[in-house]
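These notes concern the structure reproduced below.
In this note's numbering, the protein residues as written are 1 to 77.
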């Protein structure tokens, strides 16, 4: 598995049936986002109708946040 020098490879990987994600560390679980978020008003959302994520909380590094415009355009870079 190819990676960056500063990251170490995990000892074991499992193959996935997910397009674009060939292998996953064996101790990780693959879940759809819809199973990680709460239903209703308490769910994490960003947009014009209120948000748990504020623009001022966004940074250039860390966890990537995608909006519906990314999904529509299939832009996940």
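The beta-carbon is built from N, C-alpha and C at its ideal position, and this holds for glycine as well.
DSSP places residue 65 outside any beta strand (DSSP E), giving it a letter other than H or E. For residue 23, the CB contacts under 8 Å within the same chain, skipping 5 residues up- and downstream, are 1, 13, 14, 15, 16 in chain order. Within the DSSP bridge table, the entry for residue 21 names 18 as partners. The Cβ atoms of residue 25 and residue 7 do not sit closer than 9 Å to each other.
The shortest CA-to-CA distance from residue 64 to any of 56, 77, 73 is the one to 77. DSSP, read as helix, strand or coil, puts residue 35 in helix. At the C-beta level, residue 30 and residue 36 stay beyond 9 Å of one another.
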